[in-house]
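Peer 1: When we follow our numbering, the leftmost residue of the sequence shown carries the number 41, and every step to the right adds one. The beta carbon of each residue, even a glycine, is placed where N, CA and C say it ideally should be. Before we start, here is the structure in question, set down as structure tokens.
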Amino acid sequence: MSLRRAKITAVSHYLPERRVTNQELAQTVDTSDEWIFERTGIRERRVIAKGQATSDLAAKAARQVLEKRGIDATEIDLIIVATVTPDMLFPSAACLVQMKIGAKNAWGFDLSGACSGFVYALATGSQFIRTGTHRKVLIIGADVMTSILNYEDRATCVLFGDGAGAVLLEPAEEGESGILDFVLRSDGEGGQFLYMPAGGSLNPASAETVQKNMHSVHQNGKNVFKFAVRGMCEVSQEILERNHFTAQDLKLYIPHQANLRIIRAAMEKLQLDDSRVAINIDKYANTTAATIPICLSEASESKRIIKNDLILMASFGAGFTSGSVLLRWEI
Ligand code: COA
């Protein structure tokens, strides 16, 4: 069996319209624009409208991808939605997206990889292309983090926002490279440092779990910060080395957008300057599974990346999870 590489043939993103600035947050939370910007690089974030949910953001990004590629939703074979904030525990956000966009011939599932979700999903989806069993795979990273924030915890509620990004994967043509390689890791020992305690089978929803604020993000920020820098650098360096590239070969490095100081630490280690790094955390904060596809979509829209450019995506998130994907841009 001859294996065909997967390539991205379209990318798009969707952000809710409502902007919430640091100043606005500071009216109800004991914080300030200065503190948030200095410690994280965030200026504002987007927040969904009442009644909207993750599958709505995901479906909007997905429809735009189909439009850009000029294909009908019925041509899609598989939908993978990377998210930690599905509309509900079941059915999956992927099934809801399948219905909303009318992808009648697709199957799909959600992938829980937190901030590494998109990288995990891209690697997973590319395997279905590589084996030749699927020809059109939608990979979506979408999260509504504002649905699981405790606005009385200033150390977490200022960090996140809502958004979605999507790509279409198809087989690469003869002579094209597409997705070259990926490195994926999990370290369950890190679970204790970033998690949502209730709402699952361990602590089902009860008056007590609500009263104790257990349905929101709990985090040991200092520990996560330390592991994030190390984790993102490791998966970046490993994938470059084993493919015989250096960071200087990259047109664009797309790190997960969790904290500008984490990104800067990785840039220093990889010896990359701003001209080669995607940064938009100031506008959208941490949108979890959506940060990387949103960066990719913005870079493609602005023609910052063009055909044949070498791109490296790198992520770190709850789990702990980390991952990198190295690819050549083929659009
Ligand atoms: N506004 C004002 N003060 C704040 C604040 C806020 N939003 N959040 C925390 N503080 C205060 C703390 O209460 C603490 O005060 P104290 O010294 O009086 O106790 C002080 O700032 C320092 O807190 P600390 O947690 O040590 O700050 P930090 O420099 O580690 O920054 C984070 C906190 C959360 C910004 C940082 O740890 C971080 O970004 N970690 C990684 C988080 C992340 O990326 N998560 C997602 C991973 S995918």
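Within the same chain, show all residues whose beta-carbon is closer than 7 Å to that of residue 339, passing over the 5 residues directly before and after it, in chain order.
Peer 2: Translated into positions along the sequence shown, residue 339 becomes position 299. Within the same chain, residue 339 has close Cβ partners 292, 318 and 345.
Peer 1: Do the CB positions of residue 45 and residue 219 come within less than 9 Å of each other?
Peer 2: The sequence position of residue 45 within the sequence shown is 5, counting from 1. The sequence position of residue 219 within the sequence shown is 179, counting from 1. In this structure, residue 219 lies closer than 9 Å to residue 45 by Cβ.
Peer 1: Measuring alpha carbon to alpha carbon, tell me which of 281, 364 and 229 ends up nearest residue 156.
Peer 2: The residue given as residue 156 occupies position 116 in the sequence shown. When only C-alpha atoms are compared, the closest one is 364.
Peer 1: Taking 8 Å as the cut-off, is the beta-carbon of residue 296 closer than that to any non-hydrogen atom of ligand 1?
Peer 2: On the sequence shown, residue 296 is found 256 positions in, with the first residue counted as 1. Checking the Cβ of residue 296 against ligand 1 gives yes.
Peer 1: What do you reckon, is the C-beta of residue 188 under 8 Å from a heavy atom of ligand 1?
Peer 2: Position 148 of the sequence shown, counted from the first residue, corresponds to residue 188. Result no, Cβ not under 8 Å from ligand 1.
Peer 1: Helix or strand or just coil, what does DSSP make of residue 232?
Peer 2: Numbered from 1 along the sequence shown, position 192 holds the residue referred to as residue 232. Correct three-state label for residue 232: helix.
Peer 1: Since residue 148 contacts residue 359 with CB under 8 Å, what's their CB separation in whole angstroms?
Peer 2: Taking the sequence shown and counting its residues from 1, one reaches residue 148 at position 108. Taking the sequence shown and counting its residues from 1, one reaches residue 359 at position 319. Residue 148 to residue 359, Cβ: 22 Å. No contact.
Peer 1: Nearer than 8 Å: is that true of the beta carbon of residue 194 relative to any heavy atom of ligand 1?
Peer 2: By one-based count along the sequence shown, residue 194 stands at place 154. Yes, ligand 1 has a heavy atom inside 8 Å of this Cβ.
Peer 1: Given 8 Å as the limit, is there contact between the region 293-307 and the region 79-87, that is, 3 or more CB pairs closer than that?
Peer 2: When C-beta atoms of the region 293-307 are compared with those of the region 79-87, three or more pairs fall below 8 Å, so the two segments count as touching.
Peer 1: Please return the same chain residues whose Cβ sits closer than 7 Å to the Cβ of residue 254, not counting the five positions on each side in sequence.
Peer 2: The residue given as residue 254 occupies position 214 in the sequence shown. Hits under 7 Å: 237, 238 and 243.
Peer 1: Please give the ranges of any beta strand (DSSP E) in the region 282-354, keeping only runs that are unbroken, at least 3 residues long and fully inside the region.
Peer 2: 292-295
Peer 1: Please classify residue 128 as buried or exposed, where buried requires at least 16 other C-beta atoms within 10 Å of its C-beta.
Peer 2: Here residue 128 corresponds to residue number 88 of the sequence shown, with the count starting at 1. The residue is exposed, with fewer than 16 neighbouring Cβ atoms inside 10 Å.
Peer 1: Is residue 100 buried or exposed, if buried means 16 or more other CB atoms sit within 10 Å of its CB?
Peer 2: Here the question's residue 100 lines up with position 60 in the sequence shown. With 16 or more Cβ atoms within 10 Å of its Cβ, residue 100 is classed as buried.
Peer 1: Rounded to whole angstroms, what is the Cα-Cα separation between residue 146 and residue 335?
Peer 2: Taking the sequence shown and counting its residues from 1, one reaches residue 146 at position 106. Taking the sequence shown and counting its residues from 1, one reaches residue 335 at position 295. Going by the C-alpha atoms only, they are around 26 Å apart.
Peer 1: Using the Cβ count rule (16 or more neighbours within 10 Å means buried), how would you classify residue 283?
Peer 2: As a working mapping, residue 283 is identified with position 243 in the sequence shown. Its Cβ having fewer than 16 others within 10 Å, residue 283 is exposed.
Peer 1: Taking only runs of the alpha helix (DSSP H) that begin and end inside the region 73-111, which ones reach a length of at least 4 residues, in chain order?
Peer 2: 73-80 and 94-109
Peer 1: If you reduce the DSSP assignment to three classes, tell me which class residue 116 lands in.
Peer 2: If you number the sequence shown from 1, residue 116 lands on position 76. If DSSP states are grouped into helix, strand and coil, residue 116 belongs with coil.
Peer 1: Tell me the rounded alpha-carbon separation between residue 108 and residue 277.
Peer 2: Walking along the sequence shown from the start, residue 108 turns up at place 68. Walking along the sequence shown from the start, residue 277 turns up at place 237. C-alpha separation (whole angstroms): 33 Å.
Peer 1: Classify residue 368 as helix, strand or coil using the three-state DSSP reduction.
Peer 2: Counting from 1 along the sequence shown, the entry for residue 368 is found at position 328. Strand.
Peer 1: Consult DSSP for residue 32 and reduce its assignment to one of helix, strand or coil.
Peer 2: The displayed coordinates of the chain run from 41 to 371. Any statement about residue 32 would go beyond what the structure contains.
Peer 1: Could you tell me whether the region 86-98 touches the region 132-146, where touching means 3 or more Cβ pairs closer than 8 Å?
Peer 2: yes
Peer 1: Quick check on residue 69: does DSSP put it in helix, strand or coil?
Peer 2: Your numbering for residue 69 matches position 29 in the sequence shown. In the structure shown, residue 69 falls within a coil segment according to DSSP collapsed to helix, strand and coil.
Peer 1: Tell me which residues share the same chain as residue 197 and place their Cβ nearer than 7 Å to its Cβ, disregarding the 5 neighbours each side in the sequence.
Peer 2: Sequence index remark: in the sequence shown, residue 197 carries index 157 (1-based). Leaving aside the five residues that flank residue 197 on each side, the residues in its chain whose CB is nearer than 7 Å to its CB run, in chain order, 69, 189, 190 and 191.
Peer 1: Under 9 Å, do residue 87 and residue 206 count as touching if we go by C-beta distance?
Peer 2: Here residue 87 corresponds to residue number 47 of the sequence shown, with the count starting at 1. Here residue 206 corresponds to residue number 166 of the sequence shown, with the count starting at 1. For the pair residue 87 and residue 206, the CB atoms are not nearer than the 9 Å cut-off.
Peer 1: Compare the beta carbon distance of residue 51 and residue 201 with 9 Å and say whether it is the shorter of the two.
Peer 2: Residue 51 sits at position 11 when you count from the first residue of the sequence shown. Residue 201 sits at position 161 when you count from the first residue of the sequence shown. No, Cβ-Cβ distance for residue 51 and residue 201 is not below 9 Å.
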